[in-house]
Amino acid sequence: MAELTFREAVAAGIAQEMERDERVVFLGEDVAAAGGVFKTTVGLLERFGPKRVRDCPISEQAIVGAAMGAAMTGLRPIAEIMFSDFLAVCWDMVANEIAKTRYMTNGQIALPLVIRTANGAGSRFGAQHSQAVENWAMAVPGLKVVAPSSPADVKGLLAAAVRDPDPVIFFEQKSLYSMKGEVPDGEYVDELGKAKVLRRGKDCTIIALALMVHRALEAAEVLEKEHGISCTVVDVRSLVPLDTRTILSEVAKTGRLVTVEENPRLCGWGAEIASIVTEECFWDLDGPIVRITTPHVPLPSADQLEDNAIPSVARIVREIREKID
Amino acid sequence: MAELTFREAVAAGIAQEMERDERVVFLGEDVAAAGGVFKTTVGLLERFGPKRVRDCPISEQAIVGAAMGAAMTGLRPIAEIMFSDFLAVCWDMVANEIAKTRYMTNGQIALPLVIRTANGAGSRFGAQHSQAVENWAMAVPGLKVVAPSSPADVKGLLAAAVRDPDPVIFFEQKSLYSMKGEVPDGEYVDELGKAKVLRRGKDCTIIALALMVHRALEAAEVLEKEHGISCTVVDVRSLVPLDTRTILSEVAKTGRLVTVEENPRLCGWGAEIASIVTEECFWDLDGPIVRITTPHVPLPSADQLEDNAIPSVARIVREIREKID
Amino acid sequence: MKGKKAAAGDDIGRETRLELYRLQVELRYCEKRAYDLFLQNLVKGTSHLSLGQEAIAAAFGVAMRPDDYTFCTYRGHAHTLARGASMAGVLGELMGRQCGLLGGKGGSMHLTDVAHGAMGSYAIVGAHLPVAAGAAWSAQYRGTEQVAVCFFGDGTANIGAFHEALNLAAVWKLPVIFVCENNLYMEYTPISAVTAVKHPAADRASAYGLESILVDGNDADEVYRVAVRTMSQARAGGGPALIEAKTYRHSGHSRADPAKYRPEGELDKWLERDPIKLYRERLVKLGLNEATLKDIEDQALRKVDEATAIAKASLPPSLDGIEKNVWADGGAAWRN
Amino acid sequence: MKGKKAAAGDDIGRETRLELYRLQVELRYCEKRAYDLFLQNLVKGTSHLSLGQEAIAAAFGVAMRPDDYTFCTYRGHAHTLARGASMAGVLGELMGRQCGLLGGKGGSMHLTDVAHGAMGSYAIVGAHLPVAAGAAWSAQYRGTEQVAVCFFGDGTANIGAFHEALNLAAVWKLPVIFVCENNLYMEYTPISAVTAVKHPAADRASAYGLESILVDGNDADEVYRVAVRTMSQARAGGGPALIEAKTYRHSGHSRADPAKYRPEGELDKWLERDPIKLYRERLVKLGLNEATLKDIEDQALRKVDEATAIAKASLPPSLDGIEKNVWADGGAAWRN
Ligand SMILES: Cc1ncc(C[n+]2csc(CCOP(=O)(O)OP(=O)(O)O)c2C)c(N)n1
Ligand SMILES: Cc1ncc(C[n+]2csc(CCOP(=O)(O)OP(=O)(O)O)c2C)c(N)n1
Ligand SMILES: [Mg+2]
Ligand SMILES: [Mg+2]
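Residue numbers (the numbering used here), protein chains in the order written: chain X, 14 to 338; chain U, 14 to 338; chain S, 52 to 387; chain D, 52 to 387.
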């Protein structure tokens with residue numbers, strides 16, 4: 014096992030797949046010569062050359078569209094959209110073209126491609142560079158949606174995404190890029206569609222994603238030690254496919270569900286999970302489902318404002334104490 | 014009261030507001046000389062002239078961007094995006110610029126504008142011209158979101174949207190355009206953020222939007238007459254602001270909630286409502302919340318396929334019979 | 052191209068010319084049939100006919116290599132057929148039948164036949180230009196000398212994706228030919244009313260360092276020549292081309308459109324320049340006999356009749372198709 | 052413009068020249084201060100400095116009418132200040148303080164001061180070009196003879212919104228001036244590596260029927276002249292202009308960037324062409340005395356010092372701001 018940062022794990026995952034499969038190509042803005050603005054792709058140009066690792070103009074529609082055209086003709090492109098907010102600039106390509114083409118063509122066209130993107134808050138970049146938009150992608154049939162919370166998951170899930178025959182939107186939480194963690198050596202591939210139970214408790218099941226997984230775990234420690242509330246924490250990891258089996262069985266065990274979402278409230282992924290739980294294991298519920306989210310506002314940039322907008326450990330503790338008896 | 018079609022009510026609403034306020038201008042593709050591809054804006058050019066009613070190139074970003082620039086400098090533009098699917102083409106303008114600008118500028122910039130768009134299935138147009146994407150807009154803080162279900166609501170809510178000081182995305186269900194209904198004569202303005210209880214029952218509360226309101230009403234008739242199940246039907250009308258007061262109190266009365274959504278399942282507006290209900294009136298619930306949606310697939314085009322993909326009266330009846338005792 | 056040899060017509064040759072004629076006639080008859088089927092209420096969704104624009108589809112269809120890629124728009128019947136797609140598959144798709152190219156899942160606006168290089172019809176204006184660039188990138192990467200040809204309308208030259216695709220294709224020297232079929236209208240609005248330059252595509256070629264190419268889109272030979280030239284340049288690594296082909300659609304924008312916005316006489320003027328009529332006259336002038344041409348026409352009609360019969364006999368798609376082929380595993384499951 | 056009169060400099064005049072100098076110096080000092088504050092860890096978010104590009108902002112700032120509109124990018128400190136925005140408001144916003152122009156809600160990338168015509172800084176490349184066109188449309192509609200000026204970078208000329216905005220502005224003859232500040236890099240990538248033409252904006256003007264205008268962006272007089280000319284044309288109904296101003300940024304793209312990708316010597320070469328140094332030399336040549344210039348510089352420094360003190364003394368914004376100003380009613384309620 015080597016210790017890698019989250020950002021190094023991105024490069025490692027891409028490199029592993031490019032090494033293995035000549036069809037894997039990588040494109041984006043400032044990704045080649047500069048190694049990416051988040052330094053997530055350092056060394057790839059040197060290792061795989063300018064034919065496979067390509068710097069692009071500021072043309073998100075062309076980048077994602079080119080990935081689509083390449084994917085349907087035999088390549089397995091990985092495209093970087095620098096900030097997930099910019100998915101909006103090429104949303105037609107993502108939501109209307111890539112997501113729908115296999116279905117519309119009744120399976121004639123396959124689109125094995127990955128769109129990687131830096132997601133989420135914490136850098137004081139303001140409302141146009143800080144959004145957590147996993148729910149945008151989740152709402153569109155035809156897209157797989159993944160958001161890892163650790164360096165090992167980054168490498169394993171990115172490899173799985175590249176090998177997946179369907180389009181995958183891969184969200185990398187910006188605020189986790191410098192996180193370190195053990196990553197298995199050698200070829201390492203994880204599986205899409207599997208949640209991970211990171212901690213088991215008896216009072217409440219907390220479902221979280223990406224950065225929020227760490228906050229949920231920390232909150233669970235505090236709740237256990239200081240307040241005698243014992244929580245299960247589930248890292249969803251993959252929103253599509255969604256591991257409803259794990260989610261439903263873990264909620265059934267504790268009888269309570271809390272989602273912790275970085276996104277603004279309305280139509281977040283937690284709403285979907287809440288609706289599934291309340292439809293499919295209603296009789297196991299011992300009390301209201303609680304959603305802890307960023308309030309439904311665009312994100313402010315000043316540090317204190319930003320920190321107080323997205324769910325903090327303290328807020329998770331407080332809300333669970335108040336709402337879970 | 015005059016009887017108008019839904020599409021005539023659109024033109025009537027726009028005309029009423031243009032007549033009243035010189036700052037109201039209207040732009041879109043094929044909207045002026047041709048009166049709109051859905052004939053929703055017939056007569057406006059003749060009545061208000063080419064300075065106020067403008068045909069645009071196929072440049073959705075420019076159309077919506079121009080509306081934004083005009084709104085911040087004293088006008089009150091109404092922009093048409095021909096099909097709501099095309100919101101994806103200008104999603105950055107809508108979700109990142111228009112939605113966030115007031116907040117980011119701490120209130121310095123006001124954006125009183127309306128984006129009208131034809132939404133939903135039923136025309137056998139296929140996956141790229143048939144989506145119901147109200148939830149895309151609902152998920153973005155800073156947008157108001159309206160979807161009327163009758164000619165009277167079209168006129169009244171459109172007028173309210175034009176007068177609203179904030180940006181409003183106004184969804185017009187394509188399949189309702191030929192529907193006829195009584196529309197109040199003279200100046201008529203409704204209010205955003207008010208749901209309407211269209212029918213009261215004691216067994217179950219059905220919450221629906223736009224076309225689905227009519228199917229829910231029909232299903233409620235059948236359920237009452239043929240199966241002895243009596244349903245309340247609530248027309249949400251406005252997703253943002255959301256009339257949670259009416260929703261919560263109507264659900265509390267029957268103890269059961271069913272949402273009927275035209276959108277594909279994941280992260281639909283019904284998920285949000287389910288999560289609110291299950292958080293705020295859990296103890297009033299007598300059983301699982303049921304969501305009836307289009308399956309999570311892009312829409313097929315052939316008539317039988319399309320008809321069987323979106324929720325039908327028969328399916329609503331069947332699911333409520335099976336799931337509501 | 053405009054020299055003596057071209058004028059004599061011997062640069063193209065009799066066989067190719069007959070092929071160009073045959074294809075134009077087939078496309079014409081099939082589009083007319085699509086219209087008839089619509090009048091019989093057998094075509095349920097919308098449809099956008101290419102009547103009057105067949106020379107462009109036919110010329111490229113003949114000039115392209117079997118493994119080249121076609122990308123087209125909702126107005127894509129002709130381009131799809133021109134690559135060799137089954138006519139019954141096309142008509143069946145318009146009618147929402149099982150035998151349809153897409154099994155009724157896509158409809159008229161999304162015709163696709165990957166086996167014949169027809170890589171999809173795209174219904175959102177401009178979206179397929181970057182996709183075509185991507186297919187060309189893939190060909191370049193794989194070293195196959197395939198070319199991607201991307202057809203679109205005059206109105207499409209005003210959308211952002213056009214700009215991005217052209218720039219990327221030029222910078223990466225991609226083997227992609229962008230073909231703007233300028234039929235004077237973006238839907239119901241004259242293109243001149245919404246465009247800053249006279250020739251929406253040709254006047255913009257220089258913005259991407261490309262040659263400005265304007266061609267008579269109603270002359271199959273002219274289009275064929277420019278197709279051959281630009282595609283062989285692209286195959287040789289010379290990069291993309293942007294071609295503007297002037298043409299006219301005889302019917303409305305789509306089935307819903309009676310095209311009343313056209314000035315009086317405009318259609319008549321263009322009917323005189325009907326590409327098929329012109330081409331037939333040319334062939335006769337070049338010495339081809341009436342019987343040969345008549346034979347081509349009869350065969351085309353038979354082909355259309357047969358296809359119609361197959362499509363009409365085909366059943367509606369089975370309902371379980373609704374939840375098929377979202378994913379590569381054939382299904383639609385978003386959960387376990 | 053290049054004639055004898057211009058060479059003598061008397062087309063601009065002493066007062067205006069001093070104003071151009073004063074503004075450039077203020078912008079320079081303020082940007083340097085922003086950098087110092089970042090080194091002191093007082094600027095929390097990102098920031099994109101205009102060091103080296105001040106001549107463009109200053110020239111337009113001086114040439115514009117108070118009621119004209121400015122639209123700029125994340126690299127917008129200079130453009131916002133050039134319209135007269137409070138320096139303490141700008142520095143305070145960078146530091147996330149209550150006195151910030153946006154009360155800490157927007158940060159460095161979103162500086163806005165509507166009272167001074169600074170209609171926002173937009174952080175998503177290209178988005179503000181259509182918005183500027185819209186403001187110009189509004190001015191045209193209201194008949195105010197206001198002009199909208201929209202600043203953006205060389206890299207922005209490759210994005211779709213650029214194309215759409217230019218075409219719409221040209222077709223509608225909108226009073227909007229698009230100013231491309233070509234500083235040779237899109238973020239870390241040389242613009243030439245990703246652009247099909249040499250001059251990303253100027254070589255594309257013809258695609259919108261516009262004059263190709265290339266100007267030395269490090270010469271405030273040159274920029275001033277072209278600003279005056281194009282704006283007066285626009286006010287008179289002559290429609291938009293697209294200007295490409297060649298310049299260079301002295302520092303990295305943003306605070307995170309040490310700019311190691313620049314070839315050796317490039318920065319030095321451009322430092323010799325520092326717009327402020329050049330302008331000072333010109334003023335001296337034109338007979339202005341050293342004391343006057345020194346005085347301007349001292350005053351600018353004092354202004355920056357005072358603004359810094361105010362910003363440093365300002366408190367962090369109060370937390371209830373998080374749920375304020377989503378809507379016109381001042382709140383954030385999405386429900387009743
Ligand atoms: C992004 C987008 N905007 C608008 C439309 C609606 N629309 C469909 S076809 C069309 C006109 C296209 O004109 P042109 O490019 O000239 O092609 P033609 O139909 O003439 O072949 C429009 C506006 C669309 N499909 N996509
Ligand atoms: C749509 C979009 N894509 C990418 C980015 C990231 N980004 C920010 S600035 C920049 C480079 C812009 O270059 P240029 O237009 O030349 O402006 P400059 O920074 O040089 O002033 C990029 C790629 C963005 N903000 N928006
Ligand atoms: Mg056209
Ligand atoms: Mg630049």
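Cβ coordinates follow ideal geometry from the N, Cα and C atoms, glycine included.
Using a Cβ-Cβ cut-off of 7 angstroms (strictly less than) and excluding sequence neighbours within five positions of Ile289 of chain X, which residues of its own chain qualify?
As a first step, residue 289 of chain X is located in the first sequence; it is residue number 276 there, counting from the start. Same-chain partners within the cutoff: Thr257.
For Ala284 of chain U, which residues in chain X fall below 8 angstroms Cβ to Cβ?
Here residue 284 of chain U corresponds to residue number 271 of the second sequence, with the count starting at 1. Ordered by position in chain X, the residues that pass the 8 angstroms Cβ test against Ala284 of chain U are Cys280, Ala284, Glu285, Ala287 and Ser288.
Looking at C-beta atoms only, is the number of pairs between the stretch 236 to 250 of chain S and the stretch 298 to 308 of chain S that lie closer than 8 angstroms three or more?
Segments in contact, yes.
Residue ranges of each alpha helix (DSSP H) within the stretch 149 to 184 of chain U, 4 or longer:
Secondary structure remark: continuous alpha helix (DSSP H) runs of at least 4 residues inside the stretch 149 to 184 of chain U, in chain order: 164 to 176.
So Ala178 of chain S and His161 of chain S are supposed to be a Cβ contact under 8 angstroms. How far apart are they, rounded?
Here residue 178 of chain S corresponds to residue number 127 of the third sequence, with the count starting at 1. Here residue 161 of chain S corresponds to residue number 110 of the third sequence, with the count starting at 1. The Cβ separation is near 12 angstroms, so there is no contact.
In whole angstroms, what separates the C-alpha of Asn92 of chain S from that of Ser97 of chain U?
The residue given as residue 92 of chain S occupies position 41 in the third sequence. The residue given as residue 97 of chain U occupies position 84 in the second sequence. Spanning the alpha carbons of Asn92 of chain S and Ser97 of chain U requires a straight line of approximately 27 angstroms.
Give the straight-line distance between the Cα atoms of Val198 of chain S and Arg286 of chain S, rounded to the nearest whole angstrom.
Along the third sequence, one-based indexing puts residue 198 of chain S at 147. Along the third sequence, one-based indexing puts residue 286 of chain S at 235. The alpha-carbon atoms of Val198 of chain S and Arg286 of chain S are separated by roughly 6 angstroms.
For Ala208 of chain S versus Gly82 of chain X, is the C-beta spacing smaller than 8 angstroms?
Against the third sequence, residue 208 of chain S aligns to sequence position 157. Against the first sequence, residue 82 of chain X aligns to sequence position 69. Result no, Cβ atoms of Ala208 of chain S and Gly82 of chain X do not sit closer than 8 angstroms.
So is the beta-carbon of Asp205 of chain D under 7 angstroms away from any non-hydrogen atom of ligand 4?
Residue mapping note: residue 205 of chain D aligns to position 154 of the fourth sequence, counting from 1. Checking the Cβ of Asp205 of chain D against ligand 4 gives yes.
Going along the stretch 307 to 323 of chain U in order, which residues come within less than 7 angstroms of chain X, judged by CB to CB distance?
Here the close residues are His309, Val310 and Pro311.
Determine whether the beta carbon atoms of Ala258 of chain S and Ala258 of chain D lie at a separation below 8 angstroms.
In the third sequence, the residue the question calls residue 258 of chain S occupies position 207. In the fourth sequence, the residue the question calls residue 258 of chain D occupies position 207. With respect to the 8 angstroms criterion, Ala258 of chain S and Ala258 of chain D are classified as neighbours on the basis of their beta carbons.
Which one of D:Ala310, D:Arg300 and D:Arg386 has the shortest CA to CA distance from Gln104 of chain D?
On the fourth sequence, position 53 is the one that residue 104 of chain D refers to. Comparing Cα positions, the closest option is D:Arg300.
Residue of D:Gly154, D:Pro226, D:Arg134 and D:Ser159 minimising C-alpha distance to Leu145 of chain D:
Position 94 of the fourth sequence holds residue 145 of chain D. The shortest C-alpha separation from Leu145 of chain D is found at D:Ser159.
If you follow the alpha helix (DSSP H) that Lys297 of chain S is in, where does it begin and where does it stop?
Looking up residue 297 of chain S in the third sequence gives position 246. Segment Ala292 to Lys297 is the beta strand (DSSP E) holding Lys297 of chain S; no alpha helix (DSSP H) there.
For Gln350 of chain D, is the classification buried or exposed, using 16 other Cβ atoms within 10 angstroms of its Cβ as the cut-off for buried?
Taking the fourth sequence and counting its residues from 1, the one referred to as residue 350 of chain D is at position 299. Classification for Gln350 of chain D: exposed.
Beta strand (DSSP E) segments (min. 3 residues) lying fully within the stretch 136 to 185 of chain D
List check, beta strand (DSSP E) in window: 169 to 173.
Give the residues of chain S in contact with Ile122 of chain X, contact being defined as C-beta atoms less than 8 angstroms apart.
In the first sequence, counting from the first residue as 1, residue 122 of chain X sits at position 109. Ordered by position in chain S, the residues that pass the 8 angstroms Cβ test against Ile122 of chain X are Thr163, Val165, Met170 and Gly171.
Pick out whichever of X:Leu57, X:Thr86, X:Glu147 and X:Val23 has its Cα sitting closest to the Cα of Gly281 of chain X.
Translated into positions along the first sequence, residue 281 of chain X becomes position 268. Here the closest residue by C-alpha is X:Glu147.
Using only alpha-carbon positions, find the residue among S:Leu74, S:Asp61, S:Thr67 and S:Glu66 that is nearest to Pro326 of chain S.
Within the third sequence, residue 326 of chain S is the residue found at index 275, counting from 1. Nearest of S:Leu74, S:Asp61, S:Thr67 and S:Glu66 to Pro326 of chain S, Cα basis: S:Leu74.
Less than 8 angstroms between CB atoms is the rule here; does Asn209 of chain S satisfy it with respect to chain U?
Translated into the one-based positions of the third sequence, residue 209 of chain S becomes position 158. Answer yes: the Cβ-Cβ gap between Asn209 of chain S and chain U drops below 8 angstroms somewhere.
Nearest chain S C-beta to Arg115 of chain X closer than 8 angstroms, yes or no?
For the purposes of this step, residue 115 of chain X is identified with residue 102 of the first sequence, where counting begins at 1. Interface criterion met: the Cβ of Arg115 of chain X is under 8 angstroms from a Cβ in chain S.
Measuring CB atoms only, is the stretch 322 to 329 of chain U touching the stretch 225 to 238 of chain U, in the sense that at least three cross pairs come out at less than 8 angstroms?
By the Cβ criterion, the stretch 322 to 329 of chain U is in contact with the stretch 225 to 238 of chain U, since at least three pairs of Cβ atoms, one from each stretch, lie closer than 8 angstroms.
Can you pull the chain U residues whose beta carbon is under 8 angstroms from the beta carbon of Asn148 of chain X, in chain order?
Position 135 of the first sequence, counted from the start, is the residue given in the question as residue 148 of chain X. The answer, in chain order, is Ala152 and Cys280.
Three-way DSSP call (helix, strand, coil) for Ile91 of chain U in this model:
To locate residue 91 of chain U, count along the second sequence from 1; it is residue 78. If DSSP states are grouped into helix, strand and coil, Ile91 of chain U belongs with the strands.
On the criterion of 16 or more Cβ atoms from any shown chain inside 10 Å, does Lys156 of chain S qualify as buried, or is it exposed?
Walking along the third sequence from the start, residue 156 of chain S turns up at place 105. Label assigned to Lys156 of chain S: buried.
For the stretch 251 to 270 of chain D, which residues have a beta carbon sitting closer than 7 angstroms to at least one beta carbon of chain S?
Going along the stretch 251 to 270 of chain D in chain order, one finds Asp254, Arg255, Ser257, Ala258, Tyr259 and Gly260 with a Cβ nearer than 7 angstroms to chain S.
Go ahead and pull the three-state DSSP assignment for Gln350 of chain S.
The residue labelled residue 350 of chain S in the question sits at position 299 within the third sequence. Three-state DSSP puts Gln350 of chain S in a helix.
For the alpha helix (DSSP H) that contains Phe19 of chain U, what are its first and last residues?
By one-based count along the second sequence, residue 19 of chain U stands at place 6. Its alpha helix (DSSP H) spans residues Phe19 to Arg33.
With Phe111 of chain S as the anchor, note down where its beta strand (DSSP E) starts and where it stops.
Numbered from its first residue, the third sequence carries residue 111 of chain S at position 60. Note, Phe111 of chain S: premise wrong, no beta strand (DSSP E); alpha helix (DSSP H) at Glu105 to Ala114.
If you run the structure through DSSP and keep just helix, strand and coil, what is Tyr201 of chain X?
For the purposes of this step, residue 201 of chain X is taken as the residue at position 188 of the first sequence. If DSSP states are grouped into helix, strand and coil, Tyr201 of chain X belongs with coil.
Residue of U:Lys168, U:Met192, U:Glu32 and U:Leu100 minimising C-alpha distance to Leu205 of chain U:
Taking the first residue of the second sequence as 1, we reach residue 205 of chain U at position 192. A check of alpha carbon separations from Leu205 of chain U across U:Lys168, U:Met192, U:Glu32 and U:Leu100 identifies U:Lys168 as the nearest.
Taking 7 angstroms as the cut-off, is the C-beta of Asn234 of chain D nearer than that to any heavy atom in ligand 4?
Translated into positions along the fourth sequence, residue 234 of chain D becomes position 183. Because some heavy atom of ligand 4 lies under 7 angstroms away, the Cβ of Asn234 of chain D counts as near it: yes.
Going by DSSP, what residues sit across from Trp212 of chain X in a beta bridge?
Against the first sequence, residue 212 of chain X aligns to sequence position 199. Just to set this straight, residue 212 of chain X is Arg in the shown sequence, not Trp. Answer is X:Val246.
Please report the distance separating the alpha-carbon of Thr130 of chain U from that of Glu73 of chain U.
Sequence index remark: in the second sequence, residue 130 of chain U carries index 117 (1-based). Sequence index remark: in the second sequence, residue 73 of chain U carries index 60 (1-based). Thr130 of chain U and Glu73 of chain U have their C-alpha atoms some 12 angstroms from each other.
Ligand 2 and Ala174 of chain D: does any heavy atom of the ligand fall closer than 7 angstroms to the residue's C-beta?
For this step, residue 174 of chain D is matched to residue 123 along the fourth sequence. Checking the Cβ of Ala174 of chain D against ligand 2 gives yes.
Output yes or no for whether 8 angstroms exceeds the beta carbon distance between Ala190 of chain S and Pro291 of chain S.
Looking up residue 190 of chain S in the third sequence gives position 139. Looking up residue 291 of chain S in the third sequence gives position 240. Contact: no.
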